[in-house]
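Asks:
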Amino acid sequence: MSFVHLHVHSPYSFLSATAALEELVAKAAALGMPALALTDRMNVSGALAFHKLACAAGLKPIQGVELVVPCLFPQFAPHHCCSPDQPQATAILILLAQNPRGYANICRLLTLAYQNSPRQNPCLPRFALPDRVPELWEDVIVLSGGREGEISRLLLAGRREEAATVARLFQENLALFYLELENRLLPRSIWLNQALVELGEYLHLPVVATNPVHQLERADFPLYDVLTCVRTGTTLEEVHPARPLNGESYFKSAEEMAALFAQHPRALAATLEIAARCQPALDLSRPRFPSFPLPPGEISAAAFLRRLVEAGARQRYGELTPPLAARIEHELNVITRLGVEDYFLVVWDLVQFARTRGIRLAGRGSAADSVVAYCLGLTEVDAFKRGLLFERFLSLERAQKPDIDIDFAAEHRDRVAAYVYEKYGREHVASVCTFSTYHARSALREIGKVLGFPEAEMDRLAKKFPHIPADAIEKAVATLPEIRDSHFPLERYQLLFRLAARVAGFPRFIGTHLGGLVISRDPITEISPLQVAAKGVEIIQFDKDAVEDLGLIKLDLLSLRTLSALDQAVQTVRQVSPAFSEAEIPDEDPATYRRIRRGETVGMFQLESPAQRALQARLGADHFEDLVASVALIRPGPIKGDMVEPFLARRHGREPVTYLLPELEPILAKTYGVVLYQEQVIAVATRVAGFTPGEADRLRRVMTHYRSQKEMDAIGEEFIARAIARGIDPQIARTIFSYIVGYAGYGFCEAHAAAFANTAYKTAYLLEHYPAAFYAALFSCQPMGFYPPHALAVEAARRGIKILNPDVNKSDGWRFTVEDEHTIRPSLFQVEGLKEAGVRKILAAREEGGSFRSFTDFVRRVDLPRDVLANLILAGAFDSLTPNPHRRALLFQLPDLLGARPEAAGTGQQLRLALEMPEEQAWPDFTPLEKSLREFAVLGFSPSGHPLSFYREQLRTLGIVTNEEVQARAEGERVRVAGLLIRPHRPPTRSGRVVVFFTLEDETGLLDLTAFAPVYQRYGKFLFGAPALVVTGRVQRRGARASVLAQEIAPLNLGSMPSPFLSSLPSPPP
Amino acid sequence: MSHLVKQKVTVRCDAHGLPLSFRWQNLSREIQEIIDFWLEIGSWWRNEPPKAFFQVRAALADRYTLYRELPEGDWYLYRIED
């Protein structure tokens, strides 16, 4: 007895299935089935993983899809087959690809469906059915779709003639069309199958048996039911026709299917016949990257690339020394042998496009290990000068496709992408997709709603959880104090937690990868359907991990707001100092390094996090290599690998810098003998054991991702044997191997660190010498970086820079502007609620009628909603219009003035337009504290003064000192501090113990604090729940800055103080 | 006409658990034919048992729908169609 499942759903059917691909394939193999189909609803996203898994398990993979098609007799369709977005009645068909051509046709049909339907309800258009375009259905086997197919539905509705008409349409236009029998023990299944068999006999159509698989086991039904509720937006208590009646949609064995279809043996046998007709349909051997269109006169991509590289090398280096020429030759040789010249030319071309239009860019990642990339202008890291190993990027042994990541100034990234679409054609370019998967928060919110818990309660509960996988919820409940000690009735959530754990990692939404584009030689629809993502761009149905196996190469065009900020800051500096040239920023500016050494790095790219600020205060950076090391050190890997302390000890001479072999010194000298960079692991293996660089990089990758001790032992034996053969003492060889094993998994890519350090240094220089211009740019480019605007405002104030209120006459629409070297004016766009259209209205009115003369004049000339006008008042944007600004009075005037707008003509109120505000008001304006709080709510910071500054005297009575004063306190001194809480986080530690790092902000600056596990366990609910804290602890002095080791933590509860301070922080006051 | 009944009944089954006859309102009805059979899980979140439904032809009416709470629970007459 044998059987093949031909109608199978994986989680890529999005909320329609509970069994992972791995489980489905393993089950089919365990049941001795020769083949298995994957037929997810309207997508092939699982096709590649399914292909690999099935082949590995010895199963034939049959690629297919559940295709939504329009009903030919919609008048007889059940009501639930329509929806507000898709009023057309729909049904399904199952399509199975017989070969790669059939698979490509499935992709084309899906693309047509997505291009001609509402985004959320894709359906094949009528013109794409097989009677209209039979060629699109060639090499595709079609099943009638079981109970959800139109033929079955018509039979159930008693419309035999119409069912026959539909069946004939497919029969006459398809080579292989089967009537699909299924028996999931639903009402009238027995009758329906008999009716289908009779129809088949009448029309001479074959029948085939399926059991649409949505679960692995019968016991998985509750999860399938819950996911269906999520999909249909219902709760468990609500009835919906799409909800399954029972748990029979599970992966049945051949014996179970034989028992169900004992009356229809031909339907069972047909599954094997169909499987025999289908071949693996994913063609993974075909390279699909396009040829770069060569300029006239160029004979080949390789020759053109060589010419460009040689020209670039002369520009970069002047004279080519023999070692440099040899290095370039080596890289070109590898590139040519791997056949990826066109890829380099494509990237070079789009970089040229950006540069000629003044779009700021910076290459990142391991591409910066390449001298060729440097010569082509793709990166700014001199890989030759730094001695970086090309094989970390590309090697013959690894033979992976190159991956060049380029950051572009954020606002211009889409222009570059548009150029790629235009150059290679829309049929050949698409964005890579990403799959948003279920994590704890999303699982709790969505499943909680299905179980009937109030949405607001689930939202509050979800926010208590950090960003962890959904299957880590129960552990978090047991271990995290902010959840354990919360007031939530956790015992009521047991079912919720269990169900949430089951959906961990399930894809929930398909979206657009931030930067990834693929370009294909052939139309992309031959390898993937295209669909339109929420952002409006066309995406393929595969993510970045799949594209290389599909023969595609990804271009990573990323948007980086830091580059936009750099751009804006440089523009501002040039307005004041036209002679300023970015190219002339000195390499090792002492003042810049002094600021870095003080740990005053807020706003600097990659150097501003609390961990970085703490590092800088101890590192004593004084040259560029320190910045490169800094970028690499503060990463989860090096921190977990405990590299920071040995590095600092050697950097400052507290530990001797030693080398096991003299030949290791040139490799490890720049990191004081510590293996910090991945490139160093490769170099050590090359130098000590005689590995080729490519072999050494393979060793590094195995070490990084090793899965078994046996595998690691085998590599160790090879390394040691080859080292001994080169005359290395066996004991030293073993020690070196253990050394690189200890670090390989934690090291960071030096090329990437160097690329980021380049940008970091520029931001540091601008922050040191042009703080107003740089802070203005940082504010304008929010959200970016580690800190919210109010923290930047405090830091700017420490540098003597005043942030003014926005002004309807003086503020720029979009950017913070520098009024003088000590003054920044916020943009109008910064005001909460003032969207792009609102800003444009203000600018247009200003352009047309000149400056606003009064608040009334503004209201008359600019049509804005009342809430937005109120926010402008609270932000102080009208303060300059009267000699005695009175924000509360303006708020009171607002309703009357709005009623008197020209569009309110006919109400008789327009006469009031003539009325200006009375000069003297009977009511008092907001107090300075009230102004501050309201500004904070509508701007994100308070030009009138930091909220805490108004409480300083009262805080002092509680023994609370300022953050600035802590800097003067001695090591170990007990202090009490208070401030707004910024980004508490629990980075991974080598010991696995929880350590919480957080920052408090007051009017004098930022203070970093640390809470170890016992303190966290006791006060976690405040650390991850209160907007502001009072902390008592001991001063720690490590390097130039003081921090505090927290001992007691409490929410900042100002009790008798006359202010709704805490409650006012998150939302704007009226 | 269809009448919802939902009353407990006594059912005599064969060795496979299929109903042969049932007694309702003091009258025993021999089942002439099982027309349809299906399973319903019901409100699993309230720990309700799943149910096996049998639509049968028997004396005194056109069709009867019986169900049994699984795995081996009580039988109910669910609906009568005249």
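Chains W and D are the protein sequences, given in the same order. For the first sequence, the numbering used here gives the first residue as 13, with consecutive numbering after it. For the second sequence, the numbering used here gives the first residue as 6, with consecutive numbering after it. Heads up, the beta-carbon is just placed ideally off N, CA and C, and yes, glycines get one too.
1. May I ask which residues mark the beginning and end of the beta strand (DSSP E) holding G1045 of chain W?
2. Could you say which of W:F189, W:A379, W:T771, W:E947 lies nearest to D579 of chain W if we only look at CA atoms?
3. Report all residues from its chain with a CB closer than 8 Å to the CB of L575 of chain W; omit the five preceding and five following residues, and keep chain order.
4. To which residues of the same chain is A266 of chain W closer than 6 Å at the C-beta, ignoring the five residues directly before and after it?
5. So, for G523 of chain W: in the same chain, excluding its five sequence neighbours on each side, which residues have a beta-carbon less than 7 Å away from its beta-carbon?
6. Mind reading off the beta-carbon distance from S407 of chain W to V346 of chain W? Whole number of angstroms is fine, and I expect it under 8 Å.
7. Measuring alpha carbon to alpha carbon, tell me which residue in W:L881, W:E859, W:E860, W:A856 is nearest T868 of chain W.
8. Taking the alpha-carbon positions, what's the W43 of chain D to R573 of chain W distance?
9. Less than 8 Å between CB atoms is the rule here; does F233 of chain W satisfy it with respect to chain D?
10. Taking P199 of chain W as the query, report the chain D residues whose CB atoms sit under 7 Å from its CB, ordered along the chain.
11. With distances taken Cα to Cα, identify the nearest neighbour of A254 of chain W among W:V178, W:L804, W:E160.
12. Nearest to F263 of chain W by CA position, among W:Y758, W:A32, W:T537, W:Q690, is which residue?
13. Buried or exposed for H440 of chain W, going by 16 or more other Cβ atoms inside 10 Å?
14. Counting only beta-carbon separations shorter than 8 Å, does N223 of chain W have a partner in chain D?
15. Are at least three pairs of beta-carbons, each pair with one atom in the segment 245-259 of chain W and one in the segment 448-464 of chain W, less than 8 Å apart?
16. So, are the CB atoms of P224 of chain W and S261 of chain W less than 8 Å apart?
17. Would you say H17 of chain W lies against chain D (beta-carbon separation less than 8 Å)?
18. Mind checking the segment 277-311 of chain W against chain D and listing, in chain order, the residues whose C-beta falls within less than 9 Å of any C-beta there?
19. In terms of alpha-carbon separation, which member of W:W149, W:L198, W:R326 lies closest to G158 of chain W?
20. Does N205 of chain W get closer than 8 Å to chain D when you measure Cβ to Cβ?
21. What residues in its chain sit with their C-beta under 6 Å from that of P658 of chain W, if we drop five residues either side in the sequence?
22. Is the beta carbon of V806 of chain W closer than 8 Å to that of A887 of chain W?
23. Could you check the C-alpha separation between G47 of chain D and T240 of chain W for me, to the nearest Å?
24. Find out if the Cβ-Cβ distance for the pair R289 of chain W, I153 of chain W is shorter than 8 Å.
25. Please state the DSSP three-state secondary structure of F938 of chain W.
26. Suppose contacts are defined by Cβ-Cβ distances below 8 Å. Is F791 of chain W in contact with P838 of chain W by that definition?
27. Taking I46 of chain D as the query, report the chain A residues whose CB atoms sit under 9 Å from its CB, ordered along the chain.
28. Going residue by residue through the segment 820-898 of chain W, where are the continuous beta strand (DSSP E) segments of at least 3 residues, counting only ones entirely within it?
29. DSSP beta-bridge partners for A1023 of chain W?
30. Please list the partners that L507 of chain W has in chain D, where partner means a Cβ-to-Cβ separation under 8 Å.
31. Are the C-beta atoms of L248 of chain W and some chain D residue less than 8 Å apart?
32. According to the neighbour-count rule (16 or more other Cβ atoms, all chains shown, within 10 Å of its Cβ), is Q743 of chain W buried or exposed?
33. Flag this pair as touching only if the segment 546-564 of chain W and the segment 49-62 of chain W have three or more C-beta atom pairs under 8 Å; answer yes or no.
34. Quick check: the segment 955-974 of chain W against the segment 804-819 of chain W, are there 3 or more CB pairs under 8 Å?
35. Which residue's Cα is closest to the Cα of V549 of chain W: W:R504, W:V614, W:A430?
36. Taking the alpha-carbon positions, what's the F365 of chain W to V428 of chain W distance?
Replies: Taking the definition as stated:
1. Translated into positions along the first sequence, residue 1045 of chain W becomes position 1033. 1040-1050 is the extent of the beta strand (DSSP E) around G1045 of chain W.
2. On the first sequence, residue 579 of chain W is found 567 positions in, with the first residue counted as 1. Answer by Cα proximity: W:T771.
3. One-based indexing of the first sequence puts residue 575 of chain W at position 563. For L575 of chain W, where only same-chain residues beyond five positions count, the Cβ hits under 8 Å are R372, L373, A374, D419, F420, A421, A422, T771.
4. Locating residue 266 of chain W in the first sequence gives position 254, where the first residue counts as 1. Hits under 6 Å: M13, S14, F15.
5. Your numbering for residue 523 of chain W matches position 511 in the first sequence. The residues are C445, T446, S448, A545, A546.
6. Stepping through the first sequence from its first residue, residue 407 of chain W is reached at position 395. Stepping through the first sequence from its first residue, residue 346 of chain W is reached at position 334. With 8 Å as the limit, S407 of chain W and V346 of chain W qualify as a contact, their Cβ atoms being about 7 Å apart.
7. For the purposes of this step, residue 868 of chain W is identified with residue 856 of the first sequence, where counting begins at 1. Nearest option by C-alpha distance: W:L881.
8. Here residue 43 of chain D refers to the residue found at position 38 when the second sequence is read from its first residue. Here residue 573 of chain W refers to the residue found at position 561 when the first sequence is read from its first residue. Cα to Cα, the separation comes out at about 60 Å.
9. Taking the first sequence and counting its residues from 1, one reaches residue 233 of chain W at position 221. Yes - at least one Cβ of chain D is within 8 Å of the one on F233 of chain W.
10. By one-based count along the first sequence, residue 199 of chain W stands at place 187. Those are D41, W43, listed as they occur along chain D.
11. Looking up residue 254 of chain W in the first sequence gives position 242. If we check each option's Cα against that of A254 of chain W, W:E160 comes out closest.
12. If you number the first sequence from 1, residue 263 of chain W lands on position 251. If we check each option's Cα against that of F263 of chain W, W:A32 comes out closest.
13. Within the first sequence, the letter at position 428 stands for residue 440 of chain W. It counts as buried.
14. Your numbering for residue 223 of chain W matches position 211 in the first sequence. No Cβ of chain D is located within less than 8 Å of the beta carbon of N223 of chain W.
15. yes
16. Working through the first sequence from its first residue, we reach residue 224 of chain W at position 212. Working through the first sequence from its first residue, we reach residue 261 of chain W at position 249. With a cutoff of 8 Å on beta-carbon distance, P224 of chain W and S261 of chain W are scored as near each other.
17. Mapped onto the first sequence, residue 17 of chain W falls at position 5. Not one chain D Cβ lies under 8 Å of H17 of chain W.
18. Listed by position along the chain: nothing, the set is empty.
19. Reading the first sequence from its first residue, position 146 is the one you call residue 158 of chain W. For the residues W:W149, W:L198, W:R326, the minimum Cα distance to G158 of chain W belongs to W:L198.
20. Here residue 205 of chain W corresponds to residue number 193 of the first sequence, with the count starting at 1. Taking CB atoms only, N205 of chain W has no neighbour in chain D less than 8 Å away.
21. To locate residue 658 of chain W, count along the first sequence from 1; it is residue 646. So the list reads V686, once near-sequence residues are dropped.
22. Taking the first sequence and counting its residues from 1, one reaches residue 887 of chain W at position 875. Taking the first sequence and counting its residues from 1, one reaches residue 806 of chain W at position 794. Going by C-beta atoms, A887 of chain W is not nearer than 8 Å to V806 of chain W.
23. Translated into positions along the second sequence, residue 47 of chain D becomes position 42. Translated into positions along the first sequence, residue 240 of chain W becomes position 228. Roughly 15 Å separates the two Cα atoms.
24. By 1-based counting over the first sequence, the position of residue 289 of chain W is 277. By 1-based counting over the first sequence, the position of residue 153 of chain W is 141. Yes, these two residues count as a Cβ contact at 8 Å.
25. Residue numbering aside, residue 938 of chain W sits at position 926 when the first sequence is read from its first letter. In the structure shown, F938 of chain W sits in coil (DSSP, three-state: anything other than H, G, I, E or B).
26. In the first sequence, residue 791 of chain W corresponds to position 779, counting from 1. In the first sequence, residue 838 of chain W corresponds to position 826, counting from 1. For the 8 Å CB-CB criterion, F791 of chain W and P838 of chain W form a contact.
27. No chain A appears in the structure shown, which is made up of the protein chains W and D.
28. 829-832, 835-837
29. Here residue 1023 of chain W refers to the residue found at position 1011 when the first sequence is read from its first residue. According to DSSP, A1023 of chain W bridges with W:V1008.
30. Along the first sequence, one-based indexing puts residue 507 of chain W at 495. W50, listed in chain order.
31. Against the first sequence, residue 248 of chain W aligns to sequence position 236. Yes, contact with chain D.
32. Your numbering for residue 743 of chain W matches position 731 in the first sequence. So Q743 of chain W ends up on the exposed side.
33. yes
34. yes
35. Walking along the first sequence from the start, residue 549 of chain W turns up at place 537. Ranking W:R504, W:V614, W:A430 by Cα distance to V549 of chain W puts W:A430 first.
36. Here residue 365 of chain W refers to the residue found at position 353 when the first sequence is read from its first residue. Here residue 428 of chain W refers to the residue found at position 416 when the first sequence is read from its first residue. Roughly 7 Å separates the two Cα atoms.
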